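Note that the protein sequences, when read in sequence, are chains A, B, C and D. 441 is the number that the working numbering gives to position 441 of the first sequence; each next residue is one higher, with no gaps. The number in the working numbering is simply the position in the second sequence, starting from 1, with 1000 added. The number in the working numbering is simply the position in the third sequence, starting from 1, with 2000 added. The number in the working numbering is simply the position in the fourth sequence, starting from 1, with 3000 added. Backbone N, C-alpha and C define an ideal beta-carbon position, used for all residues, glycine too. None of the values given here were measured: they were computed from a predicted structure. What follows is one structure encoded as structure tokens, with my remarks underneath.
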Amino acid sequence: MSLYLLAVLLAAVSGLPGLFLRRRGGGVAAGLMGLAAVLGIAAALRVLAGGAAGRLGLPAAPLGSPGLLVLDPIAAWFLLPVLLLSACGAMFGLGYWGERPGARLLRLVYGALAAFLALLVAAAHPLVFLLGWEGMAIAAFLLVMAEDRKAETRRAGWIYLVATHTGTLCLFAAFGVLSAQGAGAFAALPRGFAASGSGTAVFVLCLLAFGFKAGVMPLHVWLPPAHAAAPSHVSALMSGVLIKMGILGLVRLLSWIPDPPLWWGALLLGLGALSGVLGVAFALGQHDLKRLLAYHSIENIGIILLGLGLGTMGKSLGHPILQALGFAGALLHVLNHSLFKGLLFLSAGSVAHATGTRDLDRLGGLGHRMPWTSAAFLAGAWAICGLPPLNGFVSEWFLYLGSFRALALSRWPWSVGVLAALALIGALALACFAKAFGAVFLGMARTRAAEDIHESPRSMLVPMGVLVLACALIGLAPALVAPALDRVVAALGSPAVAGLPALSGLASLPLLSALALGLLGLALLLGLWLRPRRRDAALPTWDCGYAVPSARMQYTASSFADGPVTGLRWALLPRIHEARVRGLFPGATRYESHVPDPVLDRAADPALRLSARGLSLLRFVQGGHLPVYLLYVLLTLLTLLVWMVV
Amino acid sequence: MAWILIALPLAAAATAFLVSSPPVRARLLPATGILHLLLLLVILRGWRTVPSGAWLGLDALGGWVLLVISVLFCICAFYAPSYLALRPERDHRIFSVSLLGFLGLASLLAEARHPGVAWVAMETTTLVTAPLVYFNRNRRSLEATWKYLVLGSVGIALALLGTLFIAYAAHMGGVEEPLQYNRLMQEAGRLSRPWLRAGFVLTLVGYGTKMGLAPLHTWKPDAYGETPGIVGALLAGGVTSCAFLALIRIYAVMAAAGEDRFAREILVGFGLLSMAWALVFMVGQVDFKRLLAYSSVEHMGILVLGIGIGGAATRFALFHLAANALVKSVLFLSAGNIHRSYASKQLPHVTGAIRRTPVSAGLFLLGFLAITGLPPFAPFISEFNIAATALTTGHVLAGAAFLLLLAGIFLGMSDTVLQVVFGTPSPQRVRTPYKDTAATTAPLIVALGLALVLGLWLPGPLRAMLDSATATVDGTAAPTVHLAEVRP
Amino acid sequence: MSPDFLIALIMLTNFTLVATSRINKAIQVAVVQGVLLGLMPIAMGLGRHPHILFMVAAAIAVKGWFIPFLLRRALRHVQIHREVDPYIGYTASLLLCAAGTGLSLVLAHSLPLKVGTTPTFLVPAALATLFTGFLVLVSRRKALTQVVGYLVLENGIYLFGLLLVEDMPVLVETGILLDLFVGVFVMGIVINHIRTAFESTDTRHLSELKD
Amino acid sequence: MPGFLVFPSHVALHLLVALLLPPLIPGLIAKVKARMAGRTGPPVLQLYYDLARLARKEAVFSRTTTWVFLAGPVGAVAAGLVASLLVPFGHTPAPVAFEGDVILFAYLFGLARFLTILSALDTGSSFEGMGAAREAAFSALAEPALFLGFAALAKATASLSLTPMLLAQGAAGVRLTGPLILVLAGWAIVYLAENSRIPVDDPNTHLELTMIHEVMVLDHSGRPFALVLYGASLKLVVLGALLVDLVLPATSRPWLDWLLFLGCLGLLSGAVGLVESATARFRMTKVPQFLVAGVLASGFAFLLLLV
């Protein structure tokens, strides 16, 4: 516990020395953050390896609850990505953000964000939780606002702030209702509570609150703009761990409920499928690399919810295997997504840093000049598509196993929906990342911005490398994390079931590792055989004999995604700007397509504007005329007097 | 001893009237403020022993409110000299006299043990604060003053009638002068119910007008918008607290008489209406000082809502009084600084304040976040607990409406605040020489720090006082143990 | 004169007030009402208390002389004599005033008086006067007329105070005297300022501040 | 849990078949097509000669490309070979079988596709980009058809491993006939699509604008192209084995099983050749409808199992 507290403290103060140092403040901050990560991860691993959960309570403990901060397996599990990504991001920031004006403040707030995140995962009291929750939200808001001179950033920040605050108010209500269950609201709830009216209210409110944070469709409104506007290492931290705090909240709630009603799981599954499929579908339509990644976060949150839903269904149905596989898949995906999405955002940041643009149709051919960044992005894309042998496959595999198992459970095959959703998500994600990676790194540079570039400095590459290694480690040796995962899943299990089956008994992890290694070895051999030899010739791309191929002739990202986007236009409602071609010899023309966000641009924004107009219509009530004001006093008086008499 | 708290500021006011040197006069403010606060702290140690027949005396409730006002006054008073130095063109003789006079009268109100005395104090408070509203001496501030005075006078007249009704209720029940609060509460069972109810309604409308409960609040945006930030802070945290105190003293009599159900329904209605009304005007508000005025209306709503919900919420309403006063002072004073720097308080002109006045803009932003319930600032504790109490004690609809309104208000307020704070200052706007200095920001930082401390820790004696004040308000002996009894 | 007769007269002045359009006349009505109110304690047999007599004298002096004096002075200066285009017309005002009086009776009905209290119509009359004052405040445009409205509103409170003045003199007297003082202060000083700043006392000019 | 070295001789045979047999299949198909058209056609072993020649020839690499260009062929072959370990050939259990290997199987093909697409995009050629886009879009429809078929079989056999799932069919007999036919139909469509056969794609056309798979490898030559060709034929065998296993009756003698399996694979190739001779390629816009038919067939199979 003291290691953990030290880590939180170090993270919190990491930006402080930089305020007083003329130079090297960033290095100190990154160093402190790295130290915090080492200490904190050590503490977390000790708990995950079966050590006792650490507690910090007030000495007098008049609170009635066992502690304010408890580093239990759930906390430890979420602490891993928090600290790893914070440290990687801090280091990445050295090269990415450098010593621009405001860098000191940025580092200070970044450290605070990391500390609040670390505090939140172990919060074991409503007020501590809210403290961590809001501290995190505000710190992230300030970081999103780092480039507040841009109107787009200010808008993104505002949307984020409003969304997060709305979520927090839902949390107020949820904790308020929970507080009736006694002072130790952060503890197991009695049987029957979940089915009661209060239980329903708590669940729905938590779903709203945590859904806003996690970016569950249709509460995801803030996510794409904020992720696009924030500095990339901040986006990495937000997408990697901040949105996972919504999942943490749901996990905590589920861990207190011994008997969730069946509809809880069903709702989670429904939301998961919706987020997953629509998230990836909207990602396909994006042109902005970071927005695209942001929509993929929504997709992955969907996958995680599918897992939570499966597990919850298992809990309701009293089916330990389903419970173990569902929760394990969800929790492992939490960690996995942090790793590969962090990696993807960092490499996207590296691209933006080098080229100054995030527009897919203005990039291209970066693989030549930025080989390491491109390899890192490819690894991230590989993992996020769930392709073997990286980590994304393992967590999705658990979910597939779970939903296949569930097929045999009841006559009503609800889990086939999960299967279909997972398969569709997988296929679309693959198309989307082929598009993203292809448009950015492959082919030829589409603009000058993408041409005159150089590879990012080592301080930016090393964090990416660390994340690649982590992805590979989990992908190649999932058996290493299985025991830890078992402990976390056990915390989610219902006390009625004596114990959940261990993952090692449910899935042949060593065999999977062997095949993965075999695949790698085979690929290595074949690759060696193929590598260019002296005899081989290097020529321009053949392009079916066209003599002057130019970069502008390449397939663009928009064209690449046109098929699926057109196929899904009933859901995506793309806006297409197309000039009509006239005459035999038409002049230059252009074609553009945008996929506006369904909730933000088509619902929330118009609704807000409409209600603002509606409210402004009400403003006549205060038109500046004193007699009218006096009339209000009179009417109030009369109303109350009449109320009194009646 | 208690009279000294009243006499000291009044004597200082007289001195201020006589002193001719502006700097000396300006320094009189902090000196009086700190002395008043220290004396108050000494006298407060005796809040348990107020003689029951006394006309003046600080009980827990009065002590709590006066402590809030005194701290607020100190903050404003320390801010005042640097502010007044920025405005050498204005003679501040009347200004200083009014400020000090207000402190004296607020002390009188807090110490009043008799509704009549309280009414007198409230009435005179209106009078002495009117010149403050007129400080800028232009047509706009005159209009604001006119509205403030007429509405305030009508309100206070109704409060007088209400007080007379309550006196008649006592008269009907055979309780005769002197009608100290504690006598009224002890003999509450004998009071005539119809007269008591009517009296409560009239005092509610009367003091509610002074507090600024919708729809009686209409003077507020005009008055707060046209005065210097420092006056806004004092009005929003001080005068409103006075009116609130006068009101809940009457409510306490109602509660003691067992009429609290009737009163609480009305208070919940007023609370929600105030918040809703504030919401309407906070969405798309381009004038950030008016925005703060509506925020004040909102928080007055929260105060009466808390009282209306009752139970633990009463306690947190009283706590919110302090929280709101502290944070509002930060908001009004920083808004004043930004106003000074831009010579405008309207949106298209004032953007990117974080670049011109970084400290003030940062404090403005933090103050906004604090007032909207960012933990661990004090308003969070009260807002969260009021919501929680509402939801768990059968006021589910009120609790839900409370949270919905908070969400809407946040939406509206954040839009304006972010536009003011972030972005780039518009180049057309002439830059005034104002710069953030230690003198114009330190009092704000202290206030925000106090709000933070209050959210984390309430010293034992103060907690005991707050508990006793709560018991006074709702007539229960012991406060209910609640979730947030201990703060992290 | 019996108190009931005086009360009837006071009610009558209420109706006269809302029906009049000339500002000068409105002021006159207020003066008459102020004097009638001043006579009330004597009619109620309270004349034996010197402190009450002092209050009566102060009230009559302020309401019957000082404030009308201020108002007339302002009136001369701004050269306005009529309330043109009020928010609520005269007929409607009369009807509303009647409704207010009716309501006062209903309200007073639910507020039982101590057995043996005379005059019984004091409470409805006080409330009716209060509502009338409010009505004038709400329905007229000119600041001067509004001041008259405020005076009448206060008269209502004064009237009610008479019910208690014998038993609780301190409370009632301080209250009423202070209220008078405020009346003078507010209405006198501010009107003077408005006159100089706006060259008019039409409150339409005073609606610049709004949302 | 059957694992490595449980049936050493079978494993060796399995590996041998998986490694050596594939180039024969395209030859068979070509032969059937040629005969149907009245031509003699190339030798059945033509692809073996081609591969040997390509392996010796120098390769031409576009200057636009990076190492990703090579990842396509490598990935296709490596993933195909690993996948081949998971499929039983006939009624012999697969060398590697474990709960959930179906998913690994499907995802290995996903991996191969991903890398092939990237490899095509690496050239910067507009034609190859076009082919890649088509591949990505169509595969998004082929995937659910495959998965729903797996779901149906999983529901029927309560297993998640390819070996029991596929091999149970012969024994289970009549009850599964209806769903089985539907799965077969769905997978046949997947088979044609994934292997770029007519009517989805025409491997022999010369108009690049109409191609899907072939256009993606336009720039591959020499050794890389050899791997591309080999990988494609490997896919024909591995996916073909899925189809064949579904209908193959069990015998009591292992050697007979093997013979039956190889014979059926030959028959399948012949059938593909017949289909290619008898039908024309669909318009590109019709392809998704064809694939959706596959999804529906598999889906109905699943639904039938519920009744």
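Exercise. Considering only residues of the same chain and omitting the five flanking positions on each side of G647 of chain A, which have a CB-CB separation below 6 angstroms?
Worked result: This structure cannot speak to residue 647 of chain A, because chain A is shown only from 1 to 646.
Exercise. Using a Cβ-Cβ distance under 7 angstroms, would P73 of chain A count as near chain D?
Worked result: no
Exercise. Per DSSP, which one or two residues make a beta bridge with D359 of chain A?
Worked result: A:D288
Exercise. Rounded to the nearest angstrom, how far is the Cβ of M2011 of chain C from that of A2128 of chain C, given a contact under 8 angstroms?
Worked result: 6 angstroms
For this session: Determine whether the Cβ of D2211 of chain C lies closer than 7 angstroms to any Cβ atom of chain A.
Result: yes
Exercise. Count the other CB atoms within 10 Å of the CB of F393 of chain A; is the residue buried (16 or more) or exposed (fewer)?
Worked result: Taking all protein chains in view, the Cβ of F393 of chain A is crowded by 16 or more other Cβ atoms within 10 Å, so the residue is classified as buried.
Exercise. What is the DSSP secondary structure of Y591 of chain A, reduced to helix, strand or coil?
Worked result: strand
Exercise. If you draw a straight line from the alpha carbon of A3232 of chain D to that of L207 of chain A, how long is it in whole angstroms?
Worked result: 47 angstroms
For this session: Check each residue of the region 1164 to 1179 of chain B: if its Cβ is closer than 9 angstroms to any Cβ of chain C, include it; give the result in chain order.
Result: Here the close residues are L1164, F1165, A1167, Y1168, A1170, H1171, M1172, E1176, E1177, P1178 and L1179.
Problem set entry | Distance, A228 of chain A Cα to L3192 of chain D Cα | 41 angstroms
Exercise. Does S65 of chain A come within less than 7 angstroms of chain D when only Cβ atoms are used?
Worked result: With a pLDDT of only 47 at S65 of chain A, under the threshold of 50, the placement of this residue in the model should not be trusted, and no figure is reported.
Exercise. Secondary structure at S2110 of chain C, three-state DSSP: helix, strand or coil?
Worked result: coil
For this session: State the start and end residues of the unbroken alpha helix (DSSP H) segment that holds E451 of chain A.
Result: Element bounds for E451 of chain A: n/a, residue is neither H nor E.
For this session: Pull up the distance between the alpha-carbon of G64 of chain A and that of L1391 of chain B, whole angstroms please.
Result: For G64 of chain A, the pLDDT reaches just 41, beneath the cut-off of 50, and the residue's location in the model is therefore unreliable, although a value from the coordinates is still provided. Computed Cα separation, rounded: 21 angstroms.
Problem set entry | Range covered by the beta strand (DSSP E) that runs through V70 of chain A | Per DSSP, V70 of chain A belongs to the beta strand (DSSP E) from L69 to L71.
Exercise. From this set, D:L3054, D:V3247, D:R3113 and D:S3009, which residue's C-alpha is nearest A3226 of chain D's C-alpha?
Worked result: Ranking the options by Cα distance to A3226 of chain D, first place goes to D:L3054.
For this session: With a threshold of 16 other CB atoms inside 10 Å of the CB of G2116 of chain C, please say whether the residue is buried or exposed.
Result: exposed
Problem set entry | Neighbourhood of R1183 of chain B by C-beta distance below 8 angstroms, restricted to the same chain and skipping five residues each side | S1052 and V1175
For this session: Go through the region 3198 to 3257 of chain D residue by residue and report every complete run of the alpha helix (DSSP H) that reaches 4 residues or more, in order.
Result: 3213 to 3216 and 3222 to 3247
Problem set entry | Closer than 7 angstroms to chain C by CB, E1143 of chain B | yes
For this session: With DSSP collapsed to three states, give me the class of L539 of chain A.
Result: strand
Exercise. Under 7 angstroms, do F3105 of chain D and F3261 of chain D count as touching if we go by C-beta distance?
Worked result: no
Exercise. How about M2040 of chain C and L2094 of chain C: are their beta carbons less than 7 angstroms apart?
Worked result: no
For this session: Closer than 6 angstroms by C-beta to T556 of chain A: which residues in its own chain qualify, once you throw out the five before and the five after it? Chain order, please.
Result: D361
Problem set entry | Contact list for the region 3202 to 3235 of chain D against chain A, Cβ threshold 8 angstroms | E3208, L3218, D3219, G3222, R3223, P3224 and L3227
For this session: Quick one: residues in its chain with C-beta nearer than 6 angstroms to the C-beta of P3144 of chain D, no 5 flanking neighbours on either side, listed in chain order?
Result: V3295
Problem set entry | Of the residues D:P3008, D:L3303, D:A3018 and D:V3032, the one placed nearest S3277 of chain D, counting alpha carbons only | Closest in C-alpha terms to S3277 of chain D, from the list D:P3008, D:L3303, D:A3018 and D:V3032, comes D:V3032.
For this session: Express the C-alpha separation of G438 of chain A and G365 of chain A in angstroms, rounding to a whole number.
Result: 8 angstroms
Exercise. Taking Cβ positions only, does R1190 of chain B come closer than 7 angstroms to chain A?
Worked result: no
Exercise. For W578 of chain A, which of helix, strand or coil comes out of DSSP?
Worked result: Per the sequence shown, the amino acid found at residue 578 of chain A is Glu instead of Trp. Three-state result, E578 of chain A: strand.
For this session: Could you please give me the residues that DSSP links to F3061 of chain D through a beta bridge?
Result: A:A538
For this session: Tell whether a beta-carbon distance below 7 angstroms holds between C471 of chain A and L430 of chain A.
Result: no
For this session: Counting only the same chain and skipping the five closest in sequence on each side, list residues whose C-beta sits under 7 angstroms from that of I41 of chain A.
Result: L80, L83 and L84
Problem set entry | Contact list for L2171 of chain C against chain A, beta-carbon separation under 9 angstroms | Chain A residues near L2171 of chain C: none, gap ~22 angstroms exceeds 9 angstroms.
Exercise. Residue range of the alpha helix (DSSP H) that G111 of chain A falls in?
Worked result: A103 to V121
Exercise. Can you name the start and end residues of the beta strand (DSSP E) that V55 of chain A belongs to?
Worked result: Note on residue identity: the sequence assigns Arg, not Val, to residue 55 of chain A. Unbroken beta strand (DSSP E) run through R55 of chain A: G54 to L56.
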